[in-house]
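Line order of the protein sequences matches chains A and B.
Heads up, the final residue of the first sequence is numbered 563 in the numbering used here, and it's a clean run with no missing numbers.
Heads up, the final residue of the second sequence is numbered 563 in the numbering used here, and it's a clean run with no missing numbers.
Structure first, then comments.
Protein chains: 2
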Amino acid sequence: MHGLIMDFQLNIPAMLRRAEQLHFDRELVSRRPDESIDRYTYGDMIPRAKRLAVALQKLGLKEGDRAATFCWNHSQHLEAYMAIPCAGGVLHTLNLRLHEKDLEYIASHAGDKIAIVDDVLWDLFDKFRAGSGIEHVIVVRSTDKPLPPGTIDYEELLADANEADFEYLDIDERAAATMCYTSGTTGKPKGVLATHRAVVLHSMASAMTDTLGLSERDTVMAVVPMFHANAWGMPFTCMLIGAKQVFPGPHLDPPHLLDLLASEKVTVTGGVPTIWLGMLQILDENAGKYDLSSLRAVVTGGSAAPLSMIEGFAERHGLLMLHSWGMTELCPVGTVGTVPHRLLDKPKKEQYAFQAKQGRPCPMVEIRARNENGIVPWDGQSMGELEVRGPWIASGYYNRPDAATSFTDDGWFRTGDIVAIDEFGCLHLQDRAKDVIKSGGEWISSVALENALMGHPAVAEAAVICAQHPKWAERPLAIVVLKKGKKASSEELIDFLRPQFAKWWLPDAVEFADAIPRTSAGKFLKTALRDKYGDYYTRQETAQA
Amino acid sequence: MHGLIMDFQLNIPAMLRRAEQLHFDRELVSRRPDESIDRYTYGDMIPRAKRLAVALQKLGLKEGDRAATFCWNHSQHLEAYMAIPCAGGVLHTLNLRLHEKDLEYIASHAGDKIAIVDDVLWDLFDKFRAGSGIEHVIVVRSTDKPLPPGTIDYEELLADANEADFEYLDIDERAAATMCYTSGTTGKPKGVLATHRAVVLHSMASAMTDTLGLSERDTVMAVVPMFHANAWGMPFTCMLIGAKQVFPGPHLDPPHLLDLLASEKVTVTGGVPTIWLGMLQILDENAGKYDLSSLRAVVTGGSAAPLSMIEGFAERHGLLMLHSWGMTELCPVGTVGTVPHRLLDKPKKEQYAFQAKQGRPCPMVEIRARNENGIVPWDGQSMGELEVRGPWIASGYYNRPDAATSFTDDGWFRTGDIVAIDEFGCLHLQDRAKDVIKSGGEWISSVALENALMGHPAVAEAAVICAQHPKWAERPLAIVVLKKGKKASSEELIDFLRPQFAKWWLPDAVEFADAIPRTSAGKFLKTALRDKYGDYYTRQETAQA
């Protein structure tokens, strides 16, 4: 028997209408390429988003058509976030850190019809434009550069459109709203096609107290780019609840970010651990320079954050790090490490140990992990590949029937992350499946080793990779970047790990490097390290032989 | 184009499974009829709820069948909240404060098949049992009374059921999960049939930071009965997030409630204003007796709370009142008065004035108000009947096609509440449509007058009703209960109102009474007052003539 409840569709137009009615007074602040700051309100933004929606429809955007963005984080990008789905289209955020060949593939595979492009990114865009099949290009101008031929000026397009022509569409909540390609290091990138319903539910969950707990009172700065997993959905969540937003534009170095955190009194920020590692160093070197007293949470995700960093922010700067795990396939937040009730009265050390894990699943997200023997117990030890299901998790990839292996027969998404889950359902990321080290048939977590190494006072960054080994098949090898002016020997670093791990987990060797290569999302690019060091132990063997 | 996201159903079994996996360690505390306290955990409760579900299915409960409860707030009632919808049935909470004739009508109109009844309520239940059509009666025993003949002992039923027979059903989110009849004072009670989806979305919204902001860290005591609008959905919300719950049982007097608030370190409680009025008096008379330092929010709803009470709790006891508006037709929360960012730096008086209104709509709930000229502007002044729509709002009543007039042609629910809405979307309850006073063609809010009267130091309670008037058609009449030992004249009270209202709003007379009659939900029963005083002015006219 069906209940008698309105068939109200969970869609982005309903979120926009809400913001228009309730949140018009809250600010939106953007840092421009020339470093200037401009600010306006939701009340200013929404009529512009409506005009953009009208203009896109006039350009021929039809229901379900993809419109791409190729932009930094700023207010016009937010306008596109709202206008494209509200015009019935699909917001496709292109990752400007990918190679032009990948971008050409992605834009043409997605079938992008329109693109909105930052003028400061024009040279990058121009490299794949011709092969992309994009019909209309709209340029957001922030410099004096002339408009590239055959393109449309963003402001002129808006000026020509009439807000009164905008209509709030009652879009089916199952319709596609956003598209985002995974920047997978293996195989062709795959497109995740999220529904309006997924965006709304993810936004509601992100504003739940035990998740990110975002509120109308917050000032949120997503350091994570809007072209990367929708800046963790923060632009949508903030619009739903009316939080002030700060957009750092192209200036993502720690001093610029710290300046904005302090001057705009940001309360919540989010980004990958490598950003926070750099910021922690600047904060340590400049005690008292930045007033971060408004900052209540630094959300970290994208890869596992080291305990030493979480402790460092807390002990030396009074800042709470909130550890999160997610993927593009999850819109993207899956788990958040809010400290639970049972640990509140416990010593700080225990709380930090909890915070160094990736937390518990968001409401309505379910998790389990599987190894070759089946579902692993929640004992905090047993490792397995994480599988998830829930109302904002991908059920497939756009036009990629070959990728069905990413899903189990009973409909769970196989994340490719190796995790342990404790008895309270707290996730502890061990590795990417392709990075885990199988030594003599047992699994070793490269992430646990590298995060422990980053707790050594001389270590700036550390990556641990799987190297082939003549006897054990695979053995861990550590690649370490030392802090400026600091020294540590290979033996000293291995000794530092000794009390924390079983003997057979310890890397057999440590190599020193000047830098660790990064992925487009700022994570360690382990494939590059494996290419360089993968034969480290066999090479030695050969040399010895 | 549809997105590619899992078709994950938002249902109560998914909430129960989550609590089983994540929240097993959190406590559930019940006050029993003999005043003793018992406590167990979600980890203890859930296997019992599973056994109850299995037992109900064995008794013949089929998909969509209604199973009633006739219980105070306690742990077995929570078990029924979970077991009935998870068994595929519909949880029908019977309001034990209704007249036996109404209860007989409701149970038979709903088609209740099974009932779970407190032994201490047996005499009440027995009065309408015969005419209700209920087939199986299960008795929750808390006294030594013998089991009534032809009934089943709750504990024996559970002891005979096997937890292993329980299966998590993947119930269609549009299926009916709960049923609750409005205790409408006019016409026959009407049944609201909420879906699984509505319960889940309402629970998510209730745990959003700007709504009730409920969290795993909270200890929640719903004073509002579980037989009244599902205790505002708190038992479901708390299960979703893992909050500790405290159930006051039948002991709803202020001293018992204050004792539990202090001893269990309750952080959030919720109930109707009349409960808080009584509690405030006890607190004022017993300064320092109760340690309520853990209490972060006192949620008030069901009718408009007076400003003087909100101020009294804040100024004299440091307690925050959170004003909410809802109805059974909304599962029930529609708006919440969390103080917005723009008022945080304002003087306390401004914040209290905001808190005395009913707040802004929950995410995805939409509001508007209409008078005879159409939709009224959001100017904080214009009054109209509130209309709402959203994903947890009723679209009709169970088997009551005649009640279609409660919905507009474009699908909004007509609440029967007269409100003004300010420019920020904050609702200000003026009256029930049937209580509003139309004096010479203009509307006067009885609620505004009575809440202002309750700010007078000598007034314990005040109700303002619409009395017939020979010249103005209708005029306000105030009925006042004075505090013990306090005195105030009719003229003095009208003078007290004078600075706050236009002259034509002032009641023409004040009548003094010993008590104001209450509805089953603890609100003022204005129909009884109108029966007694409705001809007050015409009677005087006649007497004068």
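Just so it is clear, CB atoms sit at the ideal spot from N, CA and C, and this is done for glycine as well.
Own chain, CB closer than 7 Å to residue i, minus 5 neighbours either side, in chain order
i                 : result
Trp-396 (chain A) : Ile-439, Asp-440, Glu-441, Gly-443
Phe-431 (chain B) : Glu-347, Glu-405, Val-406, Arg-407, Ile-411, Ala-412, Ser-424, Phe-425
Leu-500 (chain B) : Ala-476, Val-477, Ala-478, Ala-506, Phe-530
His-533 (chain A) : Residue identity check: residue 533 (chain A) is Ala in the sequence provided, not His. Here the set comprises Val-499.
Pro-167 (chain A) : none
C-beta atoms of residue i and residue j nearer than 8 Å
i                 : j                 : result
Ile-132 (chain A) : Glu-153 (chain A) : yes
Asp-302 (chain A) : Arg-334 (chain A) : yes
Leu-176 (chain B) : Cys-104 (chain B) : no
Ile-156 (chain B) : Tyr-172 (chain B) : yes
Val-482 (chain A) : Ser-464 (chain A) : yes
Ala-496 (chain B) : Leu-543 (chain B) : no
Ile-30 (chain B)  : His-214 (chain B) : yes
Tyr-551 (chain B) : Pro-488 (chain B) : no
Leu-362 (chain A) : Glu-368 (chain A) : no
Glu-403 (chain A) : Asp-435 (chain A) : yes
Ala-225 (chain A) : Thr-227 (chain B) : yes
Thr-229 (chain A) : Cys-380 (chain A) : yes
Ala-193 (chain B) : Gly-21 (chain A)  : yes
Gly-319 (chain A) : Gly-344 (chain A) : yes
Val-247 (chain A) : Pro-164 (chain A) : Just to set this straight, residue 247 (chain A) is Ala in the shown sequence, not Val. The answer is no: Cβ separation not under 8 Å.
Cβ neighbours of residue i in the same chain (closer than 8 Å, five flanking residues each side left out)
i                 : result
Lys-375 (chain A) : His-341, Gly-355, Asp-440, Cys-444, Leu-445, His-446, Leu-447
Thr-285 (chain B) : Arg-235, Asp-236, Thr-237, Val-238, Ser-312, Leu-313, Arg-314, Ala-315
Asp-52 (chain B)  : Ser-160, Thr-161
Asp-56 (chain B)  : Val-47, Ser-48, Arg-50, Ser-93
Asp-43 (chain B)  : Thr-59, Tyr-60, Gly-61
Nearest to residue i (by Cα), restricted to the options the options
i                 : options                                    : result
Met-244 (chain A) : A:Gly-330, A:Gly-289, A:Ala-225            : A:Gly-289
His-95 (chain B)  : B:Pro-253, B:Ala-177, B:Arg-115, B:Lys-208 : B:Pro-253
Arg-50 (chain A)  : A:Asn-91, A:Tyr-60, A:Leu-28, A:Gly-82     : A:Asn-91
Pro-365 (chain A) : A:Ala-496, A:Glu-329, A:Ile-393            : A:Glu-329
Asp-428 (chain B) : A:Arg-493, A:Phe-26, A:Ala-128             : A:Phe-26
Ile-23 (chain A)  : B:Phe-146, B:Ala-216, B:Asn-180            : B:Ala-216
Tyr-370 (chain A) : A:Pro-358, A:Pro-381, A:Cys-380            : A:Pro-358
Phe-88 (chain A)  : A:Asn-113, A:Gln-518, A:Arg-69, A:Thr-59   : A:Asn-113
Leu-515 (chain B) : B:Leu-295, B:Glu-460, B:Ala-480, B:Arg-548 : B:Ala-480
Pro-291 (chain A) : A:Lys-541, A:Asp-553, A:Leu-361, A:Pro-381 : A:Lys-541
Met-401 (chain B) : B:Val-383, B:Ile-462, B:Asp-420            : B:Ile-462
Pro-535 (chain A) : A:Arg-548, A:Leu-524, A:Ala-527            : A:Arg-548
Nearest-angstrom beta carbon gap, residue j and residue i [assumed within contact, 8 Å]
i                 : j                 : result
Leu-142 (chain B) : Met-197 (chain B) : Incorrect: roughly 20 Å between the Cβ atoms, too far for contact.
Asp-120 (chain B) : Pro-207 (chain B) : 6 Å
Ala-539 (chain B) : Ser-201 (chain B) : 6 Å
Ala-67 (chain A)  : Glu-97 (chain A)  : 5 Å
Ala-611 (chain A) : Ser-281 (chain A) : The structure shown does not extend to residue 611 (chain A), since chain A is modelled only from 19 to 563, so the question has no answer here.
Lys-456 (chain B) : Glu-492 (chain B) : 5 Å
Ala-565 (chain B) : Tyr-60 (chain B)  : The shown model of chain B, from 19 to 563, leaves out residue 565 (chain B), and the question about it has no answer.
Val-317 (chain B) : Thr-287 (chain B) : 7 Å
Ile-300 (chain B) : Pro-324 (chain B) : So it is not a contact: roughly 17 Å between Cβ atoms.
Same chain, Cβ closer than 6 Å to residue i, five either side skipped, listed in chain order
i                 : result
Gly-458 (chain B) : Trp-490
Tyr-199 (chain A) : Ile-124, Pro-207, Gly-209
Ile-293 (chain A) : Val-241
Asp-83 (chain A)  : Gly-107, Lys-131
Arg-418 (chain B) : Lys-208
Ala-249 (chain A) : Ala-240, Val-242
Val-158 (chain A) : Gln-94, Asp-136, Tyr-172
Leu-338 (chain B) : Ala-315
Leu-28 (chain A)  : Glu-191, Arg-215, Val-218
Next item on the list: Please specify which runs of the alpha helix (DSSP H), each continuous and at least 4 residues long, are wholly inside the segment 367-442 of chain A, giving them in chain order.
Entry: none
Notebook entry, point to check: What runs of the beta strand (DSSP E), each 3 residues or longer, lie entirely inside the segment 137-182 of chain A?
Noted result: 154-158
Note to self: To test your reading of the DSSP string, which unbroken alpha helix (DSSP H) runs of 4 or more residues are found completely within the segment 274-361 of chain B?
What the structure shows: As for any alpha helix (DSSP H) of minimum length 4 sitting wholly inside the segment 274-361 of chain B, the runs are 291-303, 325-335, ordered along the chain.
Check: What are the complete beta strand (DSSP E) segments, minimum 3 residues, inside the segment 200-266 of chain B?
Finding: 209-213, 237-240, 262-265
Next item on the list: Quick one: which unbroken alpha helix (DSSP H) runs of 4-plus residues sit fully inside the segment 458-520 of chain A? Chain order, please.
Entry: When DSSP assignments are scanned along the segment 458-520 of chain A, the uninterrupted stretches of alpha helix (DSSP H) that are 4 or more residues long and fall wholly within it turn out to be 464-471, 508-515.
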